[in-house]
Amino acid sequence: MGKNAESLLSKGLLSSCTSGGCGAKIESDGLAKLLAALPVSKDKQLLVGYDTSDDAAVYILDEKNSLIFTADFFPPMVDDARTFGRIAAANALSDVWAMGGKPMVALNLVCFPEAMDKSILAEILAGGAEKIAEAGAVLGGGHSIYDKEPKYGLAVTGMVETAKVIRNNTPKIGHKVILTKPLGVGIVMAALRVEMVSEGALRQALASMERLNRYACESMAGFNVSACTDVTGFGLLVHALEMAGDQAAIILDPEALPLIPEAVAYANEYLLTAAGQRNRNRGSRYADLSALPFATQELLFDPQTSGGLLIAVAPDEAEALAARIREAGDESAAIIGEVAPKAEKVILFQ
Amino acid sequence: MKTLDMQGNPCPIPVVNAKKALAEQGADGVVVLVDNFVAVQNLEKMAKGTGCGFSYTDEGASLYKVTITKDPKQAFNAPPEDTETASNAPTAGGAKKGPVVLITADSMGRGAEDLGKLLIKGFIFSLTQLNPLPEAVIFLNGGAHLTTEGANTVPDLKVLQEKGTEVYTCGTCANYYKLTESLAVGSIVDMMKITNTLAKASGLITL
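Line order of the protein sequences matches chains X and Y.
If you're matching positions, the first sequence starts at 1 in full-length UniProt numbering and goes up one per residue.
If you're matching positions, the second sequence starts at 1 in full-length UniProt numbering and goes up one per residue.
Listed below in structure tokens is the structure:
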């Protein structure tokens, strides 16, 4: 393990946590049941609420514009406080871009152990502030409480033209599907936890998690995009399942998936997360994975902290959009499949 | 056999340590104590992927005892005459392979329907007491209702599943009754899987 990896494990931030990053999310099956018991809002101003599993809430402000509201926070997945702050903020801001919007104001959400050195918290917040500034948003305040395990994230308000809101479950049949970041960060961070990670894999995973989805979102302007979501703790397969909705199936090309190369080897070494297995328990009944290599299966279920955007776009524009996203800096962006008519299995493989 | 207490350790730590223990010279296997079922599943993937034998018992109070043996024959499907290895491997319901149970309706027998529903609940409970436990319980047609949310048979089926019995619901049937989203236990399988399971069964009970 290299110096960078050692410094990321040095402060005890990670060891104070039982699960980190988006891997700490409550499984979607469990959540759907709880939410189904709540009354659905009848307010017509609420364009997107929690009755769909969309990324953020959208509230119609006036004839032209809508507000986007989202919040995300989680325990550390790395020990370096500033890195954790950057990743948590990039992840929390992402839902605004997944809806096609622009973040405006962010509020810090902080849980922190009473006994832990407050300079660590200062570093976390500094990392978050870096990403809020890069997002073109302002920090408007926040709320902090004592807790046994540290957690950090943001509540974000964004703006979008109401006519341009992009939902996660409205893909048009025939549209191509693009993924903008490589899969495997969950497995790489599992390798970090057991000190089996390579310097190169760690660097790639951290760069991917810190990378804002702003640039991929801005690249979509002018393209015929029918659906978009960000890939996070539920892994690519379950997010693709949400995108397919009731009306479509998604055909994935396992050969085309952008991957962190070492993640394949780590999966074959069984450096697997609990969240990945929870995703498998949820998603495997909608897809027949039996023909795929074990590592590919695991990468499809791998929880992605601050993962990329999954975009459905018109087939004749897909190559151009993927190229524009790569030019904007997400070098791994690739066309990974297409939207097909509803089938017995929701996720199919080429 | 070495025992690793991995309670409180998140994945992948239990799997990595189990692999290390298996790699030690002279090791014939390892017993791993974990506090969540997902860790059991990750250990199972490693054991099966590396050609090892795998079994586990639910010890209650969030404690699972997983046994991984380097010789796969020592695990779940060990032949009954191999008594020594069978007693070494704490398997769910003993080493002998139990029957496959095929349930094709949500009530048992012909006559009063409420009586039939009472009977099937009792039947599924009594499956949890069988020794050896059923290898698999397969739900077809109206039987698919018994594995979905709200069915009073779900708790006993979960017990069966945790002890190692496969619980299968026919995908076509779940789809037909629009139950796919509300599956509460086991997994959805296709007719090929059902046919294969029936064909390989050591014994068969059909309702």
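Glycine included, each C-beta is placed from N, C-alpha and C at the ideal position.
If the cut is a Cβ gap below 9 Å, which residues of chain Y does leucine 272/X touch? Here the question's residue 272/X lines up with position 272 in the first sequence. Neighbours of leucine 272/X across chain Y, judged by C-beta separation under 9 Å: Cys11, Pro12, Val15, Asn42, Lys45 and Met46.
Going by the beta-carbon positions, is the gap between leucine 33/Y and threonine 3/Y smaller than 8 Å? Here residue 33/Y refers to the residue found at position 33 of the second sequence. Here residue 3/Y refers to the residue found at position 3 of the second sequence. With a cutoff of 8 Å on beta-carbon distance, leucine 33/Y and threonine 3/Y are scored as near each other.
Determine the DSSP secondary structure at aspartate 230/X, reduced to helix, strand or coil. As a first step, residue 230/X is located in the first sequence; it is residue number 230 there, counting from the start. Three-state DSSP puts aspartate 230/X in a strand.
Anything in chain X within Cβ reach of isoleucine 188/Y, meaning under 8 Å, just list it in chain order. Counting from 1 along the second sequence, the entry for residue 188/Y is found at position 188. Against isoleucine 188/Y, the close residues of chain X are Arg285, in the order they occur along the chain (beta-carbon pairs closer than 8 Å).
Whole-angstrom distance between glutamine 350/X and leucine 291/X, CA atom to CA atom: Mapped onto the first sequence, residue 291/X falls at position 291. Mapped onto the first sequence, residue 350/X falls at position 350. Checking the displayed sequence, the identity of residue 291/X turns out to be alanine instead of leucine. Across the structure, alanine 291/X and glutamine 350/X are spaced so that their CA atoms are roughly 11 Å apart.
Excluding the 5 residues preceding and the 5 following lysine 200/Y in the sequence, name in chain order all residues of the same chain whose CB lies nearer than 6 Å to its CB. As a first step, residue 200/Y is located in the second sequence; it is residue number 200 there, counting from the start. For lysine 200/Y, where only same-chain residues beyond five positions count, there are no Cβ hits under 6 Å.
Taking only the alpha-carbon atoms, compute the straight-line gap between alanine 105/Y and tyrosine 168/Y and give it to the nearest angstrom. On the second sequence, residue 105/Y is found 105 positions in, with the first residue counted as 1. On the second sequence, residue 168/Y is found 168 positions in, with the first residue counted as 1. In this structure, the alpha-carbon of alanine 105/Y lies about 14 Å from that of tyrosine 168/Y.
Please report how far the alpha carbon of valine 16/Y lies from the alpha carbon of threonine 232/X, in whole angstroms. The residue given as residue 16/Y occupies position 16 in the second sequence. The residue given as residue 232/X occupies position 232 in the first sequence. A direct Cα-Cα distance of roughly 25 Å separates valine 16/Y from threonine 232/X.
Can you list, in chain order, the residues of its chain with a C-beta nearer than 8 Å to that of histidine 143/X? Leave out the 5 residues immediately preceding and following it. Position 143 of the first sequence, counted from the first residue, corresponds to residue 143/X. Around histidine 143/X: Leu107, Asn108, Leu109 and Val110.
Helix, strand or coil at cysteine 11/Y according to DSSP, with G and I counted as helix: Here residue 11/Y is taken as the residue at index 11 of the second sequence, counted from 1. Note: cysteine 11/Y maps to coil in three-state DSSP.
Kindly list the residues whose CB is nearer than 6 Å to the CB of lysine 172/X, restricted to its own chain and excluding five residues on each side of it in sequence; keep chain order. Here residue 172/X refers to the residue found at position 172 of the first sequence. Ser226.
Which of the three DSSP states is assigned to lysine 117/Y in this structure? One-based indexing of the second sequence puts residue 117/Y at position 117. Note: lysine 117/Y maps to helix in three-state DSSP.
With 9 Å as the C-beta to C-beta threshold (strictly closer), list the residues of the region 185-214 of chain X near chain Y in chain order. The region 185-214 of chain X vs chain Y, Cβ under 9 Å: Ile187, Ala190, Ala191, Arg193, Val194 and Met196.
Determine, using beta carbons only, whether valine 38/Y comes closer than 8 Å to chain X. For the purposes of this step, residue 38/Y is identified with residue 38 of the second sequence, where counting begins at 1. So yes, valine 38/Y belongs to the interface.
In whole angstroms, what separates the C-alpha of alanine 89/Y from that of asparagine 9/Y? In the second sequence, residue 89/Y corresponds to position 89, counting from 1. In the second sequence, residue 9/Y corresponds to position 9, counting from 1. Low per-residue confidence applies at alanine 89/Y: pLDDT is 37, beneath 50, and the placement is therefore not dependable enough to give any value.
So which residues of chain X does lysine 19/Y contact, with C-beta pairs closer than 9 Å? Reading the second sequence from its first residue, position 19 is the one you call residue 19/Y. Those are Glu269 and Tyr270, listed as they occur along chain X.
With a cut-off of 8 Å, does the C-beta of arginine 167/X fall near any C-beta of chain Y? Position 167 of the first sequence holds residue 167/X. Interface annotation, arginine 167/X: not in contact with chain Y, CB-CB separation never under 8 Å.
Do isoleucine 336/X and valine 188/X have their C-beta atoms closer together than 8 Å? Position 336 of the first sequence, counted from the first residue, corresponds to residue 336/X. Position 188 of the first sequence, counted from the first residue, corresponds to residue 188/X. No, the pair does not count as a contact, with Cβ atoms beyond the cut-off.
Please confirm if the region 149-161 of chain Y is in contact with the region 111-127 of chain Y, defined as three or more CB-CB distances below 8 Å between the two stretches. Taking one beta carbon from each stretch, the region 149-161 of chain Y and the region 111-127 of chain Y have 3 or more pairs nearer than 8 Å; the two touch.
Cβ of lysine 164/X within 8 Å of Cβ of serine 208/X? As a first step, residue 164/X is located in the first sequence; it is residue number 164 there, counting from the start. As a first step, residue 208/X is located in the first sequence; it is residue number 208 there, counting from the start. Taking C-beta atoms as the reference points, lysine 164/X and serine 208/X fail to come closer than 8 Å.
Skipping 5 residues on each side, what residues in its chain have a beta carbon closer than 7 Å to that of leucine 61/X? Translated into positions along the first sequence, residue 61/X becomes position 61. Exclusion of the five residues before and after leucine 61/X leaves Leu67 as the residues of its chain whose Cβ lies within less than 7 Å of its Cβ.
Any C-beta of chain Y sitting closer than 8 Å to the C-beta of glutamine 247/X? By one-based count along the first sequence, residue 247/X stands at place 247. Not closer than 8 Å to any Cβ of chain Y, the Cβ of glutamine 247/X fails to qualify, so no.
Contact between the region 235-250 of chain X and the region 306-315 of chain X (3+ Cβ pairs under 8 Å): The region 235-250 of chain X is in contact with the region 306-315 of chain X.
Strand pairing of lysine 2/Y, partner residues [DSSP]: Reading the second sequence from its first residue, position 2 is the one you call residue 2/Y. DSSP, once it has assigned bridges, lists Val30/Y as partnering lysine 2/Y.
When you compare the CB positions of glycine 276/X and glycine 186/X, do they come within less than 8 Å of one another, or not? For the purposes of this step, residue 276/X is taken as the residue at position 276 of the first sequence. For the purposes of this step, residue 186/X is taken as the residue at position 186 of the first sequence. Yes; because the gap between Cβ atoms is below 8 Å, this pair is in contact.
So, do the region 31-49 of chain Y and the region 62-70 of chain Y have three or more beta carbon pairs nearer to each other than 8 Å? Put simply, the region 31-49 of chain Y touches the region 62-70 of chain Y. At least three CB pairs are less than 8 Å apart.
Does any residue of chain Y bring its CB to less than 8 Å from the CB of proline 341/X? Residue numbering aside, residue 341/X sits at position 341 when the first sequence is read from its first letter. No, proline 341/X lies away from the interface with chain Y (no Cβ there is under 8 Å from its Cβ).
Alpha carbon to alpha carbon, how far is tyrosine 56/Y from methionine 6/Y? Give it in angstroms, no decimals. As a first step, residue 6/Y is located in the second sequence; it is residue number 6 there, counting from the start. As a first step, residue 56/Y is located in the second sequence; it is residue number 56 there, counting from the start. Roughly 14 Å separates the two Cα atoms.
Can you pull the chain X neighbours of glycine 49/Y, defined as C-beta to C-beta under 9 Å? On the second sequence, position 49 is the one that residue 49/Y refers to. Those within 9 Å of glycine 49/Y in chain X are Asn268, Tyr270 and Phe294.
Under the three-state DSSP convention, the category histidine 239/X falls into: Sequence index remark: in the first sequence, residue 239/X carries index 239 (1-based). Looking at histidine 239/X - three-state DSSP - the assignment turns out to be helix.
In three-state terms, what does DSSP make of alanine 89/Y? In the second sequence, the residue the question calls residue 89/Y occupies position 89. Any reading at alanine 89/Y must be qualified, since the residue scores a pLDDT of 37, below 50, and its modelled position is unreliable; no value is offered.
Which residue's Cα is closest to the Cα of residue 208/Y: Leu198/Y, Leu140/Y, Asn36/Y and Gln161/Y? Residue 208/Y cannot be examined here, being either before or after the span of chain Y that is shown, 1 to 207.
For alanine 334/X versus leucine 179/X, is the C-beta spacing smaller than 8 Å? To locate residue 334/X, count along the first sequence from 1; it is residue 334. To locate residue 179/X, count along the first sequence from 1; it is residue 179. Taking the C-beta atoms as reference points, leucine 179/X is found nearer than 8 Å to alanine 334/X.
Can you give me the C-alpha to C-alpha distance between lysine 193/Y and glutamate 269/X, rounded to a whole angstrom? Translated into positions along the second sequence, residue 193/Y becomes position 193. Translated into positions along the first sequence, residue 269/X becomes position 269. In a straight line, the C-alpha of lysine 193/Y is about 28 Å away from that of glutamate 269/X.
Simplified DSSP state of alanine 78/Y, which is helix, strand or coil: The residue given as residue 78/Y occupies position 78 in the second sequence. With a pLDDT of only 39 at alanine 78/Y, under the threshold of 50, the placement of this residue in the model should not be trusted; the figure read from the coordinates follows. For alanine 78/Y, the three-state secondary structure derived from DSSP is coil.
Report the rounded CA-to-CA distance for proline 39/X versus glycine 49/X, giving the unit in angstroms. Position 39 of the first sequence, counting from 1, holds the residue named residue 39/X. Position 49 of the first sequence, counting from 1, holds the residue named residue 49/X. In a straight line, the C-alpha of proline 39/X is about 11 Å away from that of glycine 49/X.
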